[in-house]
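Student: Sharing a structure here in structure tokens format.
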Amino acid sequence: MAGMVQVNSAQDQDRLRFGLSGEAGLNDGTAFPFVIFALLYLSSGGAMGDWAQHWLLKDLIWAVPAGLLIGFGMGRGVGHLMIFLRIKNADSTTSLNDFLALALIALAYVV
1 MAGMVQVNSA QDQDRLRFGL SGEAGLNDGT AFPFVIFALL YLSSGGAMGD
51 WAQHWLLKDL IWAVPAGLLI GFGMGRGVGH LMIFLRIKNA DSTTSLNDFL
101 ALALIALAYV V
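The sequence shown begins at 1 in the UniProt record's numbering and counts up one residue at a time.
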């Protein structure tokens with residue numbers, strides 16, 4: 001059902017689809033630290049130990065704001081780069097945005 005309402009292409013102008021796709025990503029990102037908490041809790045046999053402090057400091061207080069800042073910075077930078085490439089190569093038959101997309105996919109697997 002979620003696949004029926006997600007954004008299908010870059011030319012999709014439906015604001016509701018964009019909103020629902022963004023909300024789904026926000027839900028996944030918000031749930032991630034708590035899924036890690038549950039997995040650590042279950043792997044420790046239900047005992048609170050040093051892992052709880054590690055989870056609080058590393059996975060919640062550090063990773064969430066750092067991920068938000070890095071994601072915002074990279075999204076803004078890549079957005080500006082794509083606009084620059086479109087303007088610079090408007091008359092070209094080869095789109096450098098395609099190469100940028102492939103590079104970003106490779107970067108996601110490296111990081």
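Idealized CB from N, CA, C, for every residue including glycine.
Tell me where the alpha helix (DSSP H) around W51 begins and ends.
Tutor: The residue labelled residue 51 in the question sits at position 51 within the sequence shown. Note, W51: alpha helix (DSSP H), D50 to H54.
Student: Among L20, F37, P33 and L85, which has the Cα closest to the Cα of P65?
Tutor: Looking up residue 65 in the sequence shown gives position 65. Residue P33 is the option with its Cα nearest to P65.
Student: Count the other C-beta atoms from every protein chain shown that fall within 10 angstroms of the C-beta of W55, then say buried if there are 16 or more, exposed otherwise.
Tutor: Within the sequence shown, the letter at position 55 stands for residue 55. Its Cβ being crowded by 16 or more others within 10 Å, W55 is buried.
Student: So the alpha helix (DSSP H) Q83 belongs to, where does it begin and stop?
Tutor: Here residue 83 refers to the residue found at position 83 when the sequence shown is read from its first residue. The displayed chain sequence assigns Ile, not Gln, to residue 83. Start and end: A63 to K88.
Student: Which residues in the same chain as I36 place their Cβ atom closer than 7 Å to its Cβ, once the five residues preceding and following it in sequence are excluded?
Tutor: Stepping through the sequence shown from its first residue, residue 36 is reached at position 36. Only W55 and D59 meet the Cβ criterion.
Student: At the level of alpha carbons, what is the spacing between G75 and L104?
Tutor: On the sequence shown, residue 75 is found 75 positions in, with the first residue counted as 1. On the sequence shown, residue 104 is found 104 positions in, with the first residue counted as 1. Distance between the alpha carbons of G75 and L104 is about 11 Å.
Student: Would you mind stating whether L96 and L85 have Cβ atoms separated by less than 8 Å?
Tutor: The sequence position of residue 96 within the sequence shown is 96, counting from 1. The sequence position of residue 85 within the sequence shown is 85, counting from 1. Their beta carbons are under 8 Å apart, which means L96 touches L85 by this criterion.
Student: Run through DSSP, which three-state label would S21 get?
Tutor: Within the sequence shown, the letter at position 21 stands for residue 21. DSSP places S21 in helix when its eight states are reduced to three.
Student: Consult DSSP for D91 and reduce its assignment to one of helix, strand or coil.
Tutor: To locate residue 91, count along the sequence shown from 1; it is residue 91. If DSSP states are grouped into helix, strand and coil, D91 belongs with coil.
Student: May I ask you to report which of helix, strand or coil DSSP gives D14?
Tutor: In the sequence shown, residue 14 corresponds to position 14, counting from 1. Coil at D14, not helix or strand.
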